[in-house]
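With positions in the sequence shown counted from 1, the corresponding number in our numbering is that position plus 313.
A short worksheet on the structure shown next.
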Amino acid sequence: GVSLDRVRTRGGVDPHWGDRQYYQAEFASKQFLSDAEFVSLRAGFRWLRTAADNHKFFVRLDGGSIVTSNFDEVPVSMRFFAGGDQSVRGYDYKSISPRDEQGIAVGARNLATGSLEYNYTVYPKWRIALFTDAGNAFDSVNEPMKVGAGTGVRWVSPLGPIRLDFAWSVSEPEVDFRIHFFMGPSL
314 GVSLDRVRTR GGVDPHWGDR QYYQAEFASK QFLSDAEFVS LRAGFRWLRT AADNHKFFVR
374 LDGGSIVTSN FDEVPVSMRF FAGGDQSVRG YDYKSISPRD EQGIAVGARN LATGSLEYNY
434 TVYPKWRIAL FTDAGNAFDS VNEPMKVGAG TGVRWVSPLG PIRLDFAWSV SEPEVDFRIH
494 FFMGPSL
């Protein structure tokens, strides 16, 4: 495989401005001792801006697709899943995916996720956040997106931001409330 990643930031361990782009391509071939033949393509974008020192806006988009003539040969570890603190909050980690007859998530051919987040500084080193996430790991484009939303607290520690999010599924009210914890910058 090959990947390209570009990150631009201003503001040290707690950036106030930045963006990130990444592109990844992986392939497997029986000619190179693989059990499967496929090409996996993935791309993502992050955008962070701050206005009037107190208002942070963050946008995240991720997408991917696996091209193959026999998807059953693609290892589960190479398939796409959504859900969790870096995907669609309000859902458990890797819980959004097609499922087999036993209800086990088996991964998908395609991935599309996105997030909009707003942070407001209430006290130096402390912020509150509002966010909404949407996405799915899917085989057919007819499958609806899952939507999660919530609120959170951000503390800028000496090692970088620590995020605590409280998220709910908007599109599936029967999905349990989730708490997500993450350390490190958004980009």
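We put the beta carbon where it would ideally sit given N, CA and C, even for glycine.
If you draw a straight line from the Cα of ARG321 to the Cα of VAL387, it comes to about 34 Å. Here ASP385 is exposed, its C-beta having fewer than 16 other C-beta atoms within 10 Å. About 4 Å separates the Cβ atoms of SER482 and GLY403, confirming a contact at the 8 Å cut-off. Setting aside the 5 residues that flank it on each side, LYS369 is surrounded in the same chain by THR363 and ASN432, each with a C-beta closer than 6 Å to its C-beta; the list follows chain order. Here MET458 carries a coil assignment [DSSP, helix/strand/coil]. Secondary structure at LYS438: coil, using DSSP grouped into helix, strand and coil. Sequence-distant partners of MET458 (beyond 5 residues in either direction) whose C-beta falls short of 8 Å from its own C-beta, in its chain, are ALA425, ALA447, GLY448, ASN449 and SER484.
If you compare the alpha carbons of GLU430, GLY325, MET391 and ASP489 with that of GLU339, the shortest gap goes to MET391. If you look at SER482, you'll find it in the beta strand (DSSP E) that goes 473–482. Per DSSP, TYR336 is one residue of the beta strand (DSSP E) stretching across 330–341. Listed in chain order, the non-local C-beta contacts of ARG355 below 6 Å within the same chain comprise GLN337 and GLY377, local neighbours out to five positions each way being set aside. For the set GLY463, ILE475, ALA421 and LEU374, the Cα lying nearest the Cα of ASP327 is the one of ILE475. Rounded to whole angstroms, the separation of the alpha carbons of PHE358 and LEU374 is 5 Å. Of all alpha-carbon atoms in LEU361, TYR335, PRO471 and ARG491, the one lying nearest the alpha-carbon of SER428 is that of LEU361. Taking all protein chains shown into account, GLU487 has fewer than 16 neighbouring C-beta atoms within 10 Å of its C-beta and is therefore exposed. Under the three-state reduction of DSSP output, SER390 falls in the helix class.
When DSSP states are grouped into helix, strand and coil, PHE384 belongs to the helix group.
For LEU500 and ASP348, the gap between their C-alpha atoms comes out near 35 Å. Considering only LYS343, ILE379 and PHE393, the residue with the shortest C-alpha distance to VAL352 is ILE379. Under the three-state reduction of DSSP, PHE490 is assigned to coil, being neither helix nor strand.
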